[in-house]
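S.K.: For reference, the structure I am asking about is given below.
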């Protein structure tokens with residue numbers, strides 16, 4: 003077992019919305035007159051950014067032989083990896099189901115509108131022999147986290163602990 007690659011699936015509705023934002027805006031950027039309408043250029047750039055946000059996904063690539071991993075950014079099937087990071091000698095892998103809360107608004111000047119988004123995720127923590135851990139990945143569901151943890155269990159013959 004040498005490499006394992008996991009990329010999150012993007013839902014169909016997000017792909018449709020993302021493509022409806024991304025593709026026409028790219029054409030708009032290339033065909034507008036930048037000398038007369040610089041503000042339109044910035045608006046199209048913002049819409050392209052939101053389109054990329056909708057059609058992109060994250061992932062993880064693990065090289066078990068060299069004990070390293072990297073986070074992936076995926077758009078239209080093209081995987082762009084960040085730098086490789088090494089993980090220490092692994093004692094066990096812990097899967098911890100957590101609730102992530104994210105609050106938007108309420109911090110600016112005279113801002114009174116806020117909203118809080120709450121979702122459940124599963125943290126994949128790797129523990130070394132000094133009981134120090136680092137979070138490898140935030141999985142969206144239990145089955146994904148168990149799949150990634152089972153790859154570690156098979157590769158290194160270690161224990162997987164869960165709280166669910």
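In the numbering used here, the protein residues as written are 3 to 166. Ideal Cβ positions, reconstructed from N, Cα and C, are used throughout, including at glycine.
1. How many Å lie between residue 60 and residue 74 at the Cα?
2. CA-CA distance, residue 102 and residue 123?
3. Using beta-carbon positions only, say whether residue 99 and residue 154 come within less than 8 Å of one another.
4. Would you kindly report the start and end of the unbroken beta strand (DSSP E) that includes residue 121?
5. Terminal residues of the continuous alpha helix (DSSP H) containing residue 83?
6. Cα separation between residue 127 and residue 29?
7. Using only the alpha-carbon positions, how far apart do residue 159 and residue 92 sit?
8. May I ask you to list the residues that DSSP assigns as paired with residue 139?
9. With a threshold of 6 Å on Cβ separation, who are the neighbours of residue 51 within its own chain once the five nearest residues in sequence on each side are excluded?
10. Whole angstroms are fine: how far does the CA of residue 46 sit from the CA of residue 16?
11. For residue 146, which of helix, strand or coil comes out of DSSP?
12. Where do the ends of the beta strand (DSSP E) carrying residue 73 lie?
13. Contact defined as beta carbons within less than 8 Å: I believe residue 66 pairs with residue 147. What is the distance between those atoms, to the nearest angstrom?
14. Report the rounded CA-to-CA distance for residue 150 versus residue 10, giving the unit in angstroms.
15. Measuring straight from C-alpha to C-alpha, what distance separates residue 125 and residue 141?
M.R.: Let's see:
1. Counting from one through the chain shown, the residue named residue 60 turns up at place 58. Counting from one through the chain shown, the residue named residue 74 turns up at place 72. C-alpha separation (whole angstroms): 6 Å.
2. To locate residue 102, count along the chain shown from 1; it is residue 100. To locate residue 123, count along the chain shown from 1; it is residue 121. Whole-angstrom Cα-Cα distance: 7 Å.
3. On the chain shown, residue 99 is found 97 positions in, with the first residue counted as 1. On the chain shown, residue 154 is found 152 positions in, with the first residue counted as 1. Contact flag unset, no.
4. Position 119 of the chain shown, counting from 1, holds the residue named residue 121. Counting along the chain, residue 121 sits inside the beta strand (DSSP E) bounded by residues 116-129.
5. By one-based count along the chain shown, residue 83 stands at place 81. From DSSP, residue 83 is part of no alpha helix (DSSP H) but of the beta strand (DSSP E) over 80-83.
6. Locating residue 127 in the chain shown gives position 125, where the first residue counts as 1. Locating residue 29 in the chain shown gives position 27, where the first residue counts as 1. Spanning the two alpha carbons is a distance of roughly 43 Å.
7. The sequence position of residue 159 within the chain shown is 157, counting from 1. The sequence position of residue 92 within the chain shown is 90, counting from 1. Near 10 Å, if we compare the C-alpha coordinates of residue 92 and residue 159.
8. Here residue 139 refers to the residue found at position 137 when the chain shown is read from its first residue. Partner(s): 126.
9. Taking the chain shown and counting its residues from 1, the one referred to as residue 51 is at position 49. Cβ neighbours of residue 51 beyond the five flanking positions: none.
10. Position 14 of the chain shown, counted from the first residue, corresponds to residue 16. Position 44 of the chain shown, counted from the first residue, corresponds to residue 46. C-alpha separation (whole angstroms): 19 Å.
11. As a working mapping, residue 146 is identified with position 144 in the chain shown. The answer is helix: DSSP assigns residue 146 an H, G or I state.
12. For the purposes of this step, residue 73 is taken as residue 71 along the chain shown, with counting starting at 1. That run of the beta strand (DSSP E) goes 70-77.
13. Within the chain shown, the letter at position 64 stands for residue 66. Within the chain shown, the letter at position 145 stands for residue 147. Incorrect: roughly 17 Å between the Cβ atoms, too far for contact.
14. One-based indexing of the chain shown puts residue 150 at position 148. One-based indexing of the chain shown puts residue 10 at position 8. Roughly 12 Å separates the two Cα atoms.
15. Position 123 of the chain shown holds residue 125. Position 139 of the chain shown holds residue 141. Here the alpha carbon of residue 125 sits roughly 6 Å from the alpha carbon of residue 141.
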